[in-house]
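Chemist: Listed in order, the protein sequences are those of chains A and B. Residue 37 in the working numbering is what sits at position 37 of the first sequence, and the numbering runs on without skipping anything. Residue 324 in the working numbering is what sits at position 324 of the second sequence, and the numbering runs on without skipping anything.
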Amino acid sequence: MKIFPVRGGIHPDYRKDLTCEKAIVPMPMPQKLYLPLQQHIGAPADPVVGAGDLVKKGQLLARAQGAVSASTHAPTSGRIAEVALITAPHPSGLPQLTIVIEPDGKDEWAELPAPVADPFAASSQEIRERVAAAGIVGLGGATFPSAVKLNLGSQNKLETLLINGAECEPYLTCDDRVMREYSAEVIDGARIMAHALGTPKIVVGIEENKPQAIAAMTQAASAFSNITVVGVPVQYPMGSERHLTQAITGLETPAKKLTAELGVVVHNVGTARAVHHAIRYSRPLLSRVVTVSGGAITEGKNIDVPLGTLVSDLVAFCGGLKEPPRRIVNGGPMMGQPLPSLEVPVVKGTSGILALTADEVNERDTKPCIRCGGCVTICPCGLVPVEMAAFIRKDNLDGAAKLGVMDCFSCGSCSYVCPSHIPLVHFFNYAKGRLNDADRERRKLERIKMLAETRNTRVEQQAQAKKAAAAAAAAARKAAAAAASENPENKASV
Amino acid sequence: MTLAYTDKSAPFTHAPTSVQKTMTTVILALVPATLFDAWLFGWPAIFMFLITVGSCVVAEALCLQAQDKPVGETLADGSAILTGWLLAMSLPPWAPWWIGVIGSVFAIVLAKHLFGGLGQNVFNPAMVARVALLVSFPVKMTAWVTPHPLLSDKGLSFVDSLGITFGHGFNIDTMTAASALGYVKTELSRGVPVTESVQHLPDLMDMALGLHAGSFGETSAILILAGGLVLLARRIISWHTPVALMGTLFVMGTVFHLVNPARFADGTFHLMSGATFLGAFFIATDYVTSPVSKQGQIVYGIGCGLLAWIIRTFAGYPEGMAFAVLLMNALTPIIDHNCRPRAFGRTRKGEPLEVKGEK
Ligand code: SF4
Ligand code: SF4
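#1: Roughly how many whole angstroms lie between the Cα atoms of F269(B) and I224(B)?
#2: Opposite H327(A) in the DSSP bridges: which residues?
#3: Identify whether E358(B) lies in helix, strand or coil by the three-state DSSP scheme.
#4: List, in order along the chain, the chain A residues whose C-beta lies closer than 8 Å to that of R348(B)?
#5: In the DSSP output, what is V459(A) paired with across the bridge?
#6: Any beta carbon from chain A within less than 8 Å of T13(B)'s own beta carbon?
#7: Which of helix, strand or coil does DSSP assign to E207(A)?
#8: Consider the Cβ of D188(A): report whether some Cβ of chain B lies at a distance smaller than 8 Å.
#9: Taking Cβ-Cβ distances below 9 Å as the criterion, which residues of the segment 367–394 of chain A are in contact with chain B?
#10: Report back the beta-carbon spacing between V234(A) and E252(A) to the nearest angstrom; my notes put them in contact at under 8 Å.
#11: For A107(B), I'd like the list of residues in its chain whose CB is within less than 7 Å of its CB, leaving aside the five on either flank, ordered along the chain.
#12: Could you check whether L139(A) and N268(A) sit closer than 8 Å to each other, using their CB atoms as the reference points?
#13: Output needed in chain order: residues of the segment 338–354 of chain A with a Cβ under 8 Å from some Cβ in chain B.
#14: Report the option in K256(A), E363(A), R273(A), C375(A) whose CA atom is closest to the CA atom of G350(B).
#15: Output yes or no for whether 8 Å exceeds the beta carbon distance between E241(A) and T259(A).
#16: Compute the distance between the beta-carbons of P44(A) and P170(A), then report whether it is under 8 Å.
#17: The segment 279–299 of chain A: which residues have C-beta closer than 8 Å to a C-beta of chain B, in chain order?
#18: In chain B, what lies closer than 8 Å to G404(A) by C-beta?
#19: Is there at least one Cβ from chain A nearer than 8 Å to Y287(B)'s Cβ?
#20: Using 8 Å as the threshold, is the C-beta distance between A223(A) and I136(A) below it?
#21: Compute the Euclidean distance between the alpha carbons of G42(B) and L150(B), then round it to the nearest angstrom.
#22: For M1(A), collect the residues of the same chain with a Cβ closer than 7 Å to its Cβ; drop the 5 residues on either side in sequence, then sort them by chain order.
#23: I'd like the list of long-range same chain contacts for D104(A), defined as Cβ closer than 6 Å, with 5 residues on each side in sequence excluded.
#24: What's the gap between the Cα of P419(A) and the Cα of C369(A)?
#25: What number of angstroms, rounded off, separates the C-alpha of K106(A) from the C-alpha of V55(A)?
#26: Can you give me the Cβ contacts of G153(A) inside the same chain, cut-off strictly under 6 Å, excluding the 5 residues immediately before and after it?
#27: For S69(A), which residues does DSSP report across the bridge?
#28: Would you list the residues sitting across from N302(A) in a DSSP beta bridge?
#29: Name the chain B residues whose beta carbon is nearer than 8 Å to that of P423(A)?
#30: Quick one: grab the DSSP three-state call for A84(A).
#31: Just checking my contact of K348(A) with R288(A) at CB under 8 Å: how many whole Å lie between their CB atoms?
#32: Does DSSP classify P125(B) as helix, strand or coil?
#33: Measuring alpha carbon to alpha carbon, tell me which residue in C63(B), H337(B), Y300(B) is nearest A324(B).
#34: If you follow the alpha helix (DSSP H) that L96(A) is in, where does it begin and where does it stop?
#35: How would you call P488(A), buried or exposed, if buried means at least 16 neighbouring beta carbons within 10 angstroms?
#36: Whose C-alpha, out of Q38(A), A400(A), A473(A), is nearest the C-alpha of L85(A)?
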C-alpha cells in the first residue's frame, strides 16, 4: 500500500526498548480504587451510588450525562467508601468528585446483560448503545466518548475505519503489546466498529518500529479481505489523527474539520479491543493497559491496571523509584501531562506513567532565540512557532492567533528541537487557553446582546402593535361614529 | 508528596541540541581551512587571527558586563568566538593588530549588542565589521599578501612576524598580489578583456586548493567547501541557502559569459574565487540574520547570489559577497513575512481547504 509523505516531524529517542519486550501483566487489586466522575472529554458522569453501598464488578457507578459523556463502572466488587473531592490526575492538582471503592477481594461479577448474539446483524444504533453503556472512550489518550465517534457514519459517507496503532510517543509500548498479544480481539473490535460506522474498508496503521505487532496484526487480519495492515514511517507525530490519515490516504483534513469529512474515522487499537469486550461479553471498560517506564522506575512494565488504581500503587508494583524523578508524566513525554504527585489515580486516558530523571528530561535554561528555523522546519502543522512565540511574549495574542496558534495541537516537536530550549508549547498552551476564554466571553456577550436585542425588538414590536391596535381601534371608532352619524340604525345593529 | 514539578507543559524530553553545540560545530567545521591558512600565511596571519577572536571575546564580555548579563555563561555559547573567527577569515592575512581590534568593536558592540545581543541583530556582525573596515581603511583591507608558508624558505620568522602585526607592517608593493577577482576587475578597467586576464591567474586547481593571494579564509575553497558539507551532514544548515546562492551566481556568470566572454567572467570562476564558498556555507547561512523558513532561504539565497554577481561585475568593489549578504539581511524580515509555510489543512491564504468531492 502506498504511504503518502507527511510534513515536518521529528525522530526523538524512542526508548521503547525499556518495556517493549515486557508482556502485559495484571495489576494485583490495590487497597482502594479512586474513580473520578470525569475521565473523558465532555460532561462529568452522574453518580448513582453513595457511601456504604455494596457494588459488584461491572456495576454502573456513575451514568453519562448529556450528549457527550461517559459512564463509569466498578472495576471490582466491594464497598463504596465515599464520594468525595480528591486530587485529579491533572497538572493543576485540583480536586474532583471521585468515587472511592474498598475492594472486598472477591472480584465478584455483577449480572451482565446477554452479549450481542451476532454483532454484524445488529443495528448501528444497538452497537453504539452497547459501547456507550460500557463507558468506552478513546484509549489513545484523547478520551473522547467512543459511542459518539461511532455515530459519524450518520452524517458522513464513510470509506475507511483507520485503526491507529502508530504509538509514536516515546517510551509507550502498551498499544504495541496489545497488538502483539491480543491481535484477534483488536481485529474483531475493529470489524464491529466498521460495521457500526458503515465503512467498507479497515486500515490498521502501525509505525515500522513495531515489526512484531505488524506481523501479529497481519496474521489476525488475514482472514478478512477488507482489512489492510500497513507499516507507516517512524516519524513523530504519526499517531495524530490528521497526520495518520494523510499518510494513509494522502488526504489533508481541512482546518476546523474532522477526518470524517474525508470519509475516514480513526480509532485507537485499545479502543477496538474494549469494543470487542463490550459487544462479545457485555463487559464494561474496567481496566486498561498502562506502560510504566522511565529512568527513575526500578523495573518498567506493561500492566493491565484496574481503573482508579493509585499511581503510587502502580509504581510500587514496579519495584518503586530507584532515584528521585525530575518529572512524573501521565502519558508520553511529548504530549503527556505533568503529575503533581503519585497520589492520583489511573484513569481511562492514562496510557503511560513515566518517572523521568533529569538526564532524560534534559531541561536547560532558556537562551535567546537564535532564529535557527528548526521549529519552522519540523512543525507538522506548517506553523511558524518562532514568530507565534514572539507575539505571545509581547502579549499580542491576536497576532499569534493570526499566525494560526489555534491550529497548533501541542505536539511538542518545536520545543523538542529548539537549541535555545525555549518552552514554545508552554507559550502556545497559555495563548490557546486565553484565546479560548476570550472566545467564550465574546460568545457569551454576543448571546446576551442578541437576547437583549430580541427582547428590545419584541418590546418594540409589542409597543408598535399596541399603538397600531390603538390607532386601528380609534379609526374604527371614528369610522363607526361617522357611520353612526350617517346611519343611526346601523349603530344599533353593531 | 511533591516529587516533581508541574510548572511547565510537555514535552518532557529534548533533543540533544543547544546553542553552544551548534556554534561549536560551526567552529569545528572551520578548523581545517583555518589551519591550512595559518600554515599558508605564517605567523602574521596567526597573530591576526588570535587578536581578532580574542578582542571579539573581550568586547562581548565587556558588553555583557555593562548590561548586567551573566558573562561566563553567555560567553560559553560560543557566538562571540564564531563571530571573531568569521571576521578573521574575511580579513587580509597580514592585517595589523588594530584592524582586528577595530573590527571586533564594529562586530560585537555596534552590530550585535546595540541591536539587543544574540538573536536580535539584523545584520551579520562579521560582515558589518568587514564592510566598515573596507570603507574606512581601503588600502590595508585590500593588501592581499602572496602565500608565505610556514617552514618554507618564503616563511617569516616569529620576530619578523611580530613586526608585521604590531610594528612597521610590510611592504605592500613587493609582498602582495591582487586577489583573482580584483585582478580581473583592474585589468578590465584598463581595457584588458576577461578572456585574456584570466590567463594570468593561478589556474582553477590552485584556486581551489588555495595557493594564491586572498583573504585569510577565502583562499582554500576546497577546505571551506568540506566544512560546509560537514554542516550540511550534521544538519546545522540546510542546502537551501547555499545551493540557491551558488546556483544563481553560477547561472548568472555562465549566461553572461556566453553572451560576452570578453566582458564577463564565467560561472566556474565566480564559484571558485573569493569568498563564494565561505559566504554560501558560513556567512549567508547565519541563523540570526537569514530567513527562518526553507522557502524564505531559497529567496534569500537567490538574492545574495544575484547581488554578489552584480557587485562583482559592475560595482567598484571586486568582492561583493559581504555587501550582498548585508543587503539581503535588511530584507530578511520582509522575506520571513511573505514566505511562511502553508499551514496544514489551509490554503496559502490561511483559509481552510475545501473538502474534495463535496457531496
Ligand atoms: S507544538 Fe504546535 S507549533 Fe509546535 S510543532 Fe507542534 S503543532 Fe507546531
Ligand atoms: S527552534 Fe528555538 S531558536 Fe530556533 S528559531 Fe525556533 S524558537 Fe528560535
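We treat Cβ as the ideally placed atom computed from N, Cα and C, and that holds for glycine.
Modeler: By the coordinates alone:
#1: Residue 269(B) sits at position 269 when you count from the first residue of the second sequence. Residue 224(B) sits at position 224 when you count from the first residue of the second sequence. Looking at the two C-alpha atoms, the distance is approximately 16 Å.
#2: Along the first sequence, one-based indexing puts residue 327(A) at 327. As written in the sequence, residue 327(A) is Arg, which differs from the His given in the question. R327(A) pairs with L356(A).
#3: Along the second sequence, one-based indexing puts residue 358(B) at 358. Reliability fails at E358(B), whose pLDDT of 44 lies under 50, so the model's placement of it is uncertain and no value is given.
#4: Counting from one through the second sequence, the residue named residue 348(B) turns up at place 348. What R348(B) touches in chain A: nothing, since even the nearest Cβ is about 10 Å away.
#5: The sequence position of residue 459(A) within the first sequence is 459, counting from 1. V459(A) pairs with nothing; no bridge assigned.
#6: Indexing the second sequence from 1 puts residue 13(B) at position 13. It does; some Cβ of chain A falls within 8 Å.
#7: Counted from its first residue, the first sequence places residue 207(A) at position 207. If DSSP states are grouped into helix, strand and coil, E207(A) belongs with the strands.
#8: Indexing the first sequence from 1 puts residue 188(A) at position 188. So, not an interface residue.
#9: K367, P368, C369, I370, R371, C372, G373, G374, C375, V376, T377, C379, P380, C381, G382, L383, V384, V386, E387
#10: The residue you call residue 234(A) lines up with position 234 of the first sequence. The residue you call residue 252(A) lines up with position 252 of the first sequence. Contact flag wrong, Cβ pair sits at about 21 Å.
#11: The residue labelled residue 107(B) in the question sits at position 107 within the second sequence. Same-chain partners within the cutoff: C56, T83, L87, P125, A126, V128, A129.
#12: The residue given as residue 268(A) occupies position 268 in the first sequence. The residue given as residue 139(A) occupies position 139 in the first sequence. Taking 8 Å as the Cβ cut-off, N268(A) and L139(A) qualify as a contacting pair.
#13: P338, L339, P340, S341, L342, E343, L354
#14: Residue mapping note: residue 350(B) aligns to position 350 of the second sequence, counting from 1. Of K256(A), E363(A), R273(A), C375(A), the residue nearest in Cα terms is K256(A).
#15: Numbered from its first residue, the first sequence carries residue 241(A) at position 241. Numbered from its first residue, the first sequence carries residue 259(A) at position 259. Taking 8 Å as the Cβ cut-off, E241(A) and T259(A) qualify as a contacting pair.
#16: Counting from one through the first sequence, the residue named residue 44(A) turns up at place 44. Counting from one through the first sequence, the residue named residue 170(A) turns up at place 170. It is not a contact, given that the beta carbons lie outside the stated cut-off.
#17: none
#18: Along the first sequence, one-based indexing puts residue 404(A) at 404. Under the 8 Å cutoff, chain B gives A343, R346, G350.
#19: Here residue 287(B) refers to the residue found at position 287 when the second sequence is read from its first residue. Closer than 8 Å to some Cβ of chain A, the Cβ of Y287(B) qualifies, so yes.
#20: Mapped onto the first sequence, residue 223(A) falls at position 223. Mapped onto the first sequence, residue 136(A) falls at position 136. No.
#21: In the second sequence, counting from the first residue as 1, residue 42(B) sits at position 42. In the second sequence, counting from the first residue as 1, residue 150(B) sits at position 150. G42(B) and L150(B): Cα-Cα distance of roughly 5 Å.
#22: Walking along the first sequence from the start, residue 1(A) turns up at place 1. The answer, listed in chain order, is T228, V230.
#23: For this step, residue 104(A) is matched to residue 104 along the first sequence. Contacts found: S77, G78.
#24: For the purposes of this step, residue 419(A) is taken as residue 419 along the first sequence, with counting starting at 1. For the purposes of this step, residue 369(A) is taken as residue 369 along the first sequence, with counting starting at 1. Each residue's alpha carbon lies about 8 Å from the other.
#25: Here residue 106(A) corresponds to residue number 106 of the first sequence, with the count starting at 1. Here residue 55(A) corresponds to residue number 55 of the first sequence, with the count starting at 1. Going from the Cα of K106(A) to the Cα of V55(A) covers about 11 Å.
#26: Stepping through the first sequence from its first residue, residue 153(A) is reached at position 153. Cβ neighbours of G153(A) beyond the five flanking positions: L197, G198.
#27: Residue numbering aside, residue 69(A) sits at position 69 when the first sequence is read from its first letter. Looking at the DSSP assignment, S69(A) forms a beta bridge with A43(A).
#28: By 1-based counting over the first sequence, the position of residue 302(A) is 302. T291(A), per the DSSP bridge assignment.
#29: Within the first sequence, the letter at position 423 stands for residue 423(A). K8, S9, listed in chain order.
#30: For the purposes of this step, residue 84(A) is taken as residue 84 along the first sequence, with counting starting at 1. The answer is strand: DSSP assigns A84(A) an E or B state.
#31: For the purposes of this step, residue 348(A) is taken as residue 348 along the first sequence, with counting starting at 1. For the purposes of this step, residue 288(A) is taken as residue 288 along the first sequence, with counting starting at 1. With a Cβ gap of about 6 Å, K348(A) and R288(A) count as contacting.
#32: Here residue 125(B) refers to the residue found at position 125 of the second sequence. Correct three-state label for P125(B): helix.
#33: Locating residue 324(B) in the second sequence gives position 324, where the first residue counts as 1. With distances taken between Cα atoms, A324(B) lies closest to Y300(B).
#34: Residue numbering aside, residue 96(A) sits at position 96 when the first sequence is read from its first letter. For clarity, residue 96(A) is Gln in the given sequence; the question names Leu instead. Q96(A) -> not in any alpha helix (DSSP H); beta strand (DSSP E) instead, spanning 95–103.
#35: On the first sequence, position 488 is the one that residue 488(A) refers to. At P488(A) the pLDDT is 45, less than 50, meaning the model places this residue with poor confidence and gives no usable figure here.
#36: Within the first sequence, numbered from 1, the residue matching residue 85(A) stands at position 85. Residue Q38(A) is the option with its Cα nearest to L85(A).
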